[in-house]
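In the working numbering, the protein residues as written are 123 to 481.
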């Protein structure tokens with residue numbers, strides 16, 4: 123059995139998730155962890171028996187020379203670490219989401235990896251969640267007829283919304299979107315994991331076959347509740363029924379026929395979660411890591427290939443650009459900045475107050 127060495131950059135919650143995923147795969151040996159907060163890196167290393175812990179990512183990568191690097195930094199630091207790993211000669215880079223702080227960074231990382239022959243994946247692990255796989259299977263089997271619309275809801279488009287957009291693409295078997303039309307409210311200086319995000323928004327996504335997706339974002343206390351439970355979920359409307367899916371369950375409702383309900387196999391009570399992290403995240407990230415190692419061995423495309431994350435990032439940044447330019451944005455996107463943050467610098471928004479959180 124061929125084995126691979128792996129290293130993790132950033133020792134927070136997601137760094138823990140990635141490290142646990144590597145520990146769960148017998149083909150992988152955890153070799154190092156790095157975090158600017160050195161005590162955090164040392165604690166994770168001691169807990170998971172990782173032989174090397176450091177404060178500097180590039181130095182750690184140079185010291186342990188891993189085959190695989192997980193980059194779990196906040197998005198504003200991601201490109202530099204990804205490029206350092208590629209320059210060090212790794213075989214694969216596995217990034218956390220959201221992919222990048224600008225569309226230009228997402229494009230650059232994808233191209234840099236392709237040019238170097240490095241396998242790039244992004245941990246949009248909800249593609250492995252049983253409820254979402256069940257939902258897509260019911261859609262593919264025609265249980266609700268032809269798909270007409272997708273409705274998504276989440277607290278913000280950039281972080282949580284990266285999952286909603288990716289799942290919309292997943293349900294569509296990654297058919298490319300044609301255009302995006304959006305409006306964003308920026309009434310408060312709101313930051314999620316240090317990245318500036320909208321206060322609330324509505325985004326419409328269109329495909330060539332006429333299917334439309336609408337994603338509403340916002341969270342209390344800064345906005346009224348824009349969506350059910352103000353949380354992560356989707357509604358797939360078909361010609362003969364609809365599918366309602368979130369992290370806890372998938373409900374299939376059919377016109378004039380019996381429906382069905384599929385419950386998530388993972389514990390939903392946060393009181394029993396490891397370090398407060400949803401067990402679905404641990405389990406599905408472990409599946410993602412096993413899949414990326416399979417891909418290294420076989421040459422097959424990973425389920426979470428970077429091109430999927432790039433397509434999702436294009437939609438997110440097109441949504442921001444639509445709000446800035448006040449019009450429909452035809453894809454492919456030709457604007458490479460982050461129009462939300464650029465618009466803030468340009469005085470297009472006038473937010474008051476500040477809200478910092480992880481969602």
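Quick reminder that beta carbons are idealized off the backbone N, C-alpha and C, glycines included.
Determine whether the beta carbon atoms of residue i and residue j lie at a separation below 8 angstroms.
i	j	result
residue 265	residue 376	yes
residue 201	residue 231	yes
residue 414	residue 306	no
residue 451	residue 444	yes
residue 284	residue 220	yes
residue 229	residue 215	no
residue 281	residue 314	yes
residue 217	residue 134	no
residue 223	residue 274	no
residue 212	residue 434	no
residue 208	residue 236	no
residue 455	residue 468	no
residue 317	residue 197	yes
residue 233	residue 374	no
residue 339	residue 276	yes
residue 293	residue 358	yes
For the ligand SAH, any of its heavy atoms closer than 7 angstroms to the Cβ of residue i?
i	result
residue 293	This structure simply doesn't include the ligand SAH, nor any ligand for that matter.
So if DSSP puts residue i in a beta bridge, which residue, or which two residues, is it bridged to?
i	result
residue 328	301 and 334
residue 159	Residue 159 pairs with nothing; no bridge assigned.
residue 144	Beta-bridge pairing links residue 144 to no other residue.
residue 382	374
residue 359	271 and 364
residue 452	301
residue 128	152 and 190
residue 313	318 and 478
residue 339	276 and 323
Tell me the rounded alpha-carbon separation between residue i and residue j.
i	j	result
residue 242	residue 470	35 angstroms
residue 392	residue 402	12 angstroms
residue 323	residue 472	16 angstroms
residue 351	residue 129	Note that residue 351 scores 46 on pLDDT, short of 50, meaning its location in the model is unreliable; the coordinates nonetheless yield the value given after this. If I take the Cα positions, the gap works out to 37 angstroms.
residue 278	residue 123	43 angstroms
residue 397	residue 168	16 angstroms
residue 172	residue 186	11 angstroms
residue 271	residue 163	45 angstroms
residue 247	residue 333	24 angstroms
residue 405	residue 178	28 angstroms
residue 268	residue 365	12 angstroms
residue 348	residue 304	Note that residue 348 scores a pLDDT of 46, beneath 50, so its modelled location is shaky and nothing firm can be said.
residue 370	residue 389	9 angstroms
residue 256	residue 394	25 angstroms
Taking only runs of the beta strand (DSSP E) that begin and end inside the region 197–258, which ones reach a length of at least 3 residues, in chain order?
214–217 and 241–244
Could you give the uninterrupted runs of the alpha helix (DSSP H) lying entirely in the region 389–440, keeping only those of 4 residues or more?
401–420
Going along the chain, which unbroken runs of the beta strand (DSSP E) with 3 or more residues stay wholly within the region 171–200?
174–176 and 190–193
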